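Colleague: Residue numbers (this note's numbering), protein chains in the order written: chain A, 18 to 650; chain B, 282 to 583. A virtual CB, placed ideally from N, CA and C, is assigned to each residue, including glycine. Values in this document were obtained by computation on a predicted structure and should not be read as measured data.
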């Protein structure tokens, strides 16, 4: 850090502003949370008082089932909303929960609490089976294969009618009792309500923890999230189980509420009810499933649960929500409310705090710092795509602390080589050595955790999160935070969070972002700014090597200048940097050495403080339009 | 005896296969041109079965007129799907694929429910379009209806395949999906191409409904199941490949034709589900699937 404190006064001032902005942002979040908790308590009290005004077994059964539906929707929202996995099999999960709990009670005489636990286990197992293909297929394939399971369910129930009661439904479920006391209808209703509140609390804790970042990273960053040390498929499968949990519990409770289980209750219409509820309310928001389910449940109370008008309304509701309010009602309401409070306007062109650096040219490497031994090297790396020989035997090495520019014409294999180094592409031949170990064939996340960070040509950020949070995400993969501490918000998890936040703040300061950008969603910021945030995310975990893919593309002159300064500061901290870049003045200004890639081979390698070889000179002079060749996707 | 049952099951299976192939190709056509997976496609097939009854039996139209009417209505339904569920979404959301999936599911479900309101909840048998007296081949009685479905199905599939492969239409579809702006620069009106794809797919789906009506009866509750069978054919065969659609359709058709003949009919759907899941887990691209659609890379992540 001492390297950065060249202008102590200015930095201190900036730091003050950053701290102020940070406290303000934390206060905003806390206020929002308090409002949410207050609303939740009010709703809970209101719903808890229902038994005072409306009684009767039938009424309780309907209210209980409505609560179960909301609970299942809260689970579904974890998968669809927060993780972006369009799974439509939650009706099967609920059914499995209901049948497992019901059969345990009816056939084996298992007591209420254990039958419910058994139901949850059954639901989780069914959820794992139904959503398993999600590890291999995405998008509508996943939607269809999970919806397929919903159509299969009634057949399986008939085939196993000896246990499930088949078409006639499962009867004989014992009235719920606990410690010898029979739970009356209203008690079961209150228990369901409390469990719903508990599920809501756990989910709320989870999505604000590091796991919340993991889920959103899978949704918005996808396979690229491996580059920050995450394992997307492992997270996906965890989410399937997490999302199935509430639905399984809801199903088990519904079995006791109805004292009857029938496959008809868990068909396409239930799938659609849950899906429409989540989408209408706002997928990926905490209140979404509740706001969205409320009108749908109200409608079903009005026209009756078996009316065909339910299906018309659900279908039309889903269609309209997809067309009119694609993000759902909760984000709409939130935008309305935030519009009233004056937002601190930031000029997008100047998101980075100005630093009056007297643009020092390219200080010679040896005058600036000493380079260490070789840290990353490639020998004879080959890669062929179909008939295209993208890499034809690359040999190169990078020394500890070096800032290397990788240049070359379009199609020379620069991005492919970067993908090989970061593990996204496994080379056909040759090997990669990193810190005296052969890392050829290592997974992307292994390399990331070992200290090889990277950025992408198109910045891969989570748009809805703020600048600081996006930087924080760079540390999530390095923390082994468990699900239970996160859901219960144990001190351990709070400590993880504090550690992340402090490191992110430090990086935020080091990258000299304008303080007012700290608490703003990155969606509102310019492309150039997002690139620098992505570099911050890669830098926050103190990587050994940073691989940057065209960081200066699309930046204006000032932004490029700032970016160059930040990279040199990172290099001064001892981080080795390999930067792929077309902009010749930019690489000449910041780099210690250049590597020229032509036709899949390194044809030239030179330190910039020495005279440049002929070949490199020629390339640099003849590169037709070095500043406009940015559009390469 | 049991051999006869299996052969009869095979014939039924091949007839169903032709239907599933038509549905699978409808899905593919729309996806190829617009990138939309049209969940409402099953609804158009269902409407086809109902129109076969209404126009053919209640109105007494001649068979060919019914077929033409069903194709026309299917094409219109396809275009309406685009205008209602796809066109309003364009340019308004972060994820076009995600939004159109939801809007077409919504449209399909609403349309299914309205069909149930209008047509009633019961399924009604549709008389066969050709003679119902079985042709005896050896000792095996073959129902001409099934043969008709197989012949027409194969004919339609081949026609589409040849049109796509041998004419400029295929290239136009491909460039419309891969590079809409480039297509416009070439003077292609991409809106027309996309509408055309929805219309052709709608017509094919309507035809599939018309053909299958005598086998499965007219009912307002068949849409999802038919769409799922079409999807299963696509998933097994491999997405975006005509050979895949044929082979996948044949596998799904034969499974659904033979299994009920030799085992408890309730087993069919669960077995098919397990087969499709196994395919997706082991080989997500299916038997003949390319990484992308018609060689495109836009949909690599399916």
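(1) Check whether the Cβ atoms of residue 334 of chain B and residue 407 of chain B sit closer than 8 angstroms, and answer yes or no.
(2) Going along the chain, which residues of its own chain have a beta-carbon closer than 7 angstroms to the beta-carbon of residue 503 of chain B, five neighbours each way excluded?
(3) Give the interface partners of residue 374 of chain B over in chain A, defined as CB-CB distance under 7 angstroms, in chain order.
(4) Inspect the beta-carbon positions of residue 449 of chain A and residue 457 of chain A and report whether they are closer than 8 angstroms.
(5) Quick one: list the residues of chain A neighbouring residue 554 of chain B, beta-carbon separation under 7 angstroms, in chain order.
(6) From the DSSP output, in three-state form, read off residue 165 of chain A for me.
(7) Kindly indicate which three-state DSSP category residue 312 of chain A falls into: helix, strand or coil?
(8) In whole angstroms, give me the CA-to-CA distance for residue 363 of chain A and residue 480 of chain A.
(9) Give the residues of chain B in contact with residue 592 of chain A, contact being defined as C-beta atoms less than 9 angstroms apart.
(10) What's the C-alpha gap between residue 494 of chain A and residue 78 of chain A?
(11) For residue 469 of chain A, name the three-state secondary structure that DSSP assigns.
(12) Could you tell me the boundaries of the beta strand (DSSP E) in which residue 421 of chain A lies?
(13) Return the first residue and the last residue of the beta strand (DSSP E) that residue 451 of chain A is part of.
(14) Might you give, ordered along the chain, the residues of its own chain that have their beta carbon closer than 8 angstroms to the beta carbon of residue 485 of chain A, omitting 5 neighbours on each side?
(15) Give a yes or no on whether the C-beta atoms belonging to residue 93 of chain A and residue 260 of chain A are separated by under 8 angstroms.
(16) For a test of the three-state rule: what should DSSP assign to residue 12 of chain A, helix, strand or coil?
(17) Work out the CA separation of residue 609 of chain A and residue 382 of chain A for me, nearest whole Å.
(18) Which of the three DSSP states, helix, strand or coil, is assigned to residue 365 of chain A?
(19) Please report the distance separating the alpha-carbon of residue 544 of chain A from that of residue 245 of chain A.
(20) By the criterion of Cβ-Cβ separation under 8 angstroms, what are the contact partners of residue 291 of chain A in chain B?
(21) Please compile the residues from chain B whose C-beta is within a distance smaller than 8 angstroms of the C-beta of residue 69 of chain A.
(22) Since residue 410 of chain A is in the beta strand (DSSP E), which residue starts that stretch and which ends it?
(23) Out of A:478, A:451, A:474 and A:475, state which residue places its alpha-carbon closest to the alpha-carbon of residue 466 of chain A.
(24) Please name the residue, chosen from A:400, A:390, A:595 and A:155, that lies closest to residue 473 of chain A on a Cα-to-Cα basis.
(25) Round the Cβ separation of residue 156 of chain A and residue 378 of chain B to the nearest angstrom and send it over; I've been treating them as touching at under 8 angstroms.
(26) Using a Cβ distance threshold of 8 angstroms, determine whether the region 376-392 of chain B contacts the region 480-498 of chain B, with at least three qualifying pairs required.
(27) Can you find a heavy atom of the ligand SAM that lies under 7 angstroms from the Cβ of residue 463 of chain A?
(28) How is residue 194 of chain A classed by DSSP in three states: helix, strand or coil?
(29) Can you tell me which of A:580, A:159, A:287 and A:434 puts its alpha carbon nearest to the alpha carbon of residue 618 of chain A?
(30) Please name the residue, chosen from B:545, B:531 and B:514, that lies closest to residue 305 of chain B on a Cα-to-Cα basis.
(31) For residue 275 of chain A, count neighbouring C-beta atoms within 10 Å of its own C-beta (all shown protein chains included) and say buried if the count is 16 or more, exposed if not.
(32) Measuring only the C-alpha atoms, how far is residue 324 of chain B from residue 225 of chain A?
(33) Counting pairs of beta carbons, one from the region 573-591 of chain A and one from the region 509-518 of chain A, are three or more of them closer than 8 angstroms?
(34) I need the DSSP call for residue 390 of chain A, collapsed to helix, strand or coil.
(35) What is the rounded straight-line gap between the Cα of residue 635 of chain A and the Cα of residue 471 of chain B?
(36) Is residue 305 of chain B helix, strand or coil when you go by DSSP?
Modeller: The relevant details are as follows:
(1) Mapped onto the second chain, residue 334 of chain B falls at position 53. Mapped onto the second chain, residue 407 of chain B falls at position 126. Contact: yes.
(2) For the purposes of this step, residue 503 of chain B is taken as the residue at position 222 of the second chain. Scanning its chain for C-beta atoms nearer than 7 angstroms, with the 5 sequence neighbours on each side dropped, one finds around residue 503 of chain B the residues 327, 330 and 497, in chain order.
(3) In the second chain, counting from the first residue as 1, residue 374 of chain B sits at position 93. Residue 374 of chain B reaches chain A at 343, counting residues in chain order whose Cβ is nearer than 7 angstroms.
(4) Counting from one through the first chain, the residue named residue 449 of chain A turns up at place 432. Counting from one through the first chain, the residue named residue 457 of chain A turns up at place 440. The answer is yes: Cβ separation under 8 angstroms.
(5) Stepping through the second chain from its first residue, residue 554 of chain B is reached at position 273. Neighbours of residue 554 of chain B on chain A, chain order: 165, 166 and 169.
(6) Residue 165 of chain A sits at position 148 when you count from the first residue of the first chain. In this structure, residue 165 of chain A counts as helix in the three-state DSSP scheme.
(7) Counting from one through the first chain, the residue named residue 312 of chain A turns up at place 295. When secondary structure is reduced to three states using DSSP, residue 312 of chain A falls in the helix class.
(8) Stepping through the first chain from its first residue, residue 363 of chain A is reached at position 346. Stepping through the first chain from its first residue, residue 480 of chain A is reached at position 463. Residue placement at residue 363 of chain A is poorly supported in this model, since its pLDDT is 44, which falls under 50; the coordinates still yield a value, given next. Rounded to the nearest angstrom, the gap between the Cα atoms of residue 363 of chain A and residue 480 of chain A is 17 angstroms.
(9) Walking along the first chain from the start, residue 592 of chain A turns up at place 575. Neighbours of residue 592 of chain A in chain B, taken as residues at a C-beta separation under 9 angstroms, are lacking, since the least C-beta distance is about 32 angstroms.
(10) Start at 1 with the first residue of the first chain, and residue 494 of chain A comes out as number 477. Start at 1 with the first residue of the first chain, and residue 78 of chain A comes out as number 61. Cα-Cα distance, rounded: 44 angstroms.
(11) Counting from one through the first chain, the residue named residue 469 of chain A turns up at place 452. In this structure, residue 469 of chain A counts as strand in the three-state DSSP scheme.
(12) Against the first chain, residue 421 of chain A aligns to sequence position 404. Looking at the DSSP string, the run of the beta strand (DSSP E) that includes residue 421 of chain A is 420-424.
(13) In the first chain, counting from the first residue as 1, residue 451 of chain A sits at position 434. From DSSP, the beta strand (DSSP E) with residue 451 of chain A extends over 446-451.
(14) The sequence position of residue 485 of chain A within the first chain is 468, counting from 1. Contacts found: 39, 42, 518, 521, 522, 525, 535 and 536.
(15) Working through the first chain from its first residue, we reach residue 93 of chain A at position 76. Working through the first chain from its first residue, we reach residue 260 of chain A at position 243. Yes, Cβ-Cβ distance for residue 93 of chain A and residue 260 of chain A is below 8 angstroms.
(16) Chain A is shown only over 18 to 650; residue 12 of chain A falls outside these bounds and no answer can be derived.
(17) For the purposes of this step, residue 382 of chain A is identified with residue 365 of the first chain, where counting begins at 1. For the purposes of this step, residue 609 of chain A is identified with residue 592 of the first chain, where counting begins at 1. Confidence at residue 382 of chain A is low in this model, with a pLDDT of 46, below 50, so the placement of that residue is unreliable and no value is reported for it.
(18) In the first chain, the residue the question calls residue 365 of chain A occupies position 348. Below a pLDDT of 50, predicted positions are generally treated as unreliable, and residue 365 of chain A, at 45, falls in that range; the measurement from the model is reported next regardless. Note: residue 365 of chain A maps to coil in three-state DSSP.
(19) To locate residue 544 of chain A, count along the first chain from 1; it is residue 527. To locate residue 245 of chain A, count along the first chain from 1; it is residue 228. If you draw a straight line from the Cα of residue 544 of chain A to the Cα of residue 245 of chain A, it is about 20 angstroms long.
(20) To locate residue 291 of chain A, count along the first chain from 1; it is residue 274. Contact of residue 291 of chain A with chain B by beta-carbon distance below 8 angstroms is absent, the smallest such distance being about 12 angstroms.
(21) Walking along the first chain from the start, residue 69 of chain A turns up at place 52. What residue 69 of chain A touches in chain B: nothing, since even the nearest Cβ is about 37 angstroms away.
(22) On the first chain, residue 410 of chain A is found 393 positions in, with the first residue counted as 1. Following the DSSP letters along the chain, one finds residue 410 of chain A inside the beta strand (DSSP E) bounded by residues 405-416.
(23) Start at 1 with the first residue of the first chain, and residue 466 of chain A comes out as number 449. Of the listed residues, the one whose Cα sits closest to residue 466 of chain A is A:451.
(24) Stepping through the first chain from its first residue, residue 473 of chain A is reached at position 456. Checking every option, the nearest Cα to that of residue 473 of chain A belongs to A:595.
(25) Position 139 of the first chain, counted from the first residue, corresponds to residue 156 of chain A. Position 97 of the second chain, counted from the first residue, corresponds to residue 378 of chain B. About 6 angstroms; that satisfies the 8 angstroms criterion.
(26) Under the three-pair Cβ rule at 8 angstroms, the region 376-392 of chain B does not count as touching the region 480-498 of chain B.
(27) Ligands displayed in this structure: none; no statement on the ligand SAM is therefore possible.
(28) Sequence index remark: in the first chain, residue 194 of chain A carries index 177 (1-based). Correct three-state label for residue 194 of chain A: strand.
(29) For this step, residue 618 of chain A is matched to residue 601 along the first chain. Closest option to residue 618 of chain A, Cα to Cα, is A:434.
(30) As a working mapping, residue 305 of chain B is identified with position 24 in the second chain. When each option's Cα is compared against that of residue 305 of chain B, the closest is B:514.
(31) Reading the first chain from its first residue, position 258 is the one you call residue 275 of chain A. Residue burial annotation: residue 275 of chain A is buried, with at least 16 other C-beta atoms found within 10 angstroms of its C-beta.
(32) Here residue 324 of chain B refers to the residue found at position 43 of the second chain. Here residue 225 of chain A refers to the residue found at position 208 of the first chain. Rounded to whole angstroms, residue 324 of chain B to residue 225 of chain A spans 41 angstroms at the Cα level.
(33) When C-beta atoms of the region 573-591 of chain A are compared with those of the region 509-518 of chain A, fewer than three pairs fall below 8 angstroms, so the two segments do not count as touching.
(34) By 1-based counting over the first chain, the position of residue 390 of chain A is 373. Collapsing the DSSP output to three states places residue 390 of chain A in coil.
(35) Counting from 1 along the first chain, the entry for residue 635 of chain A is found at position 618. Counting from 1 along the second chain, the entry for residue 471 of chain B is found at position 190. If I take the Cα positions, the gap works out to 44 angstroms.
(36) As a position in the second chain, residue 305 of chain B is number 24, starting the count at 1. Of the three classes helix, strand and coil, the one that applies to residue 305 of chain B here is helix, per DSSP.
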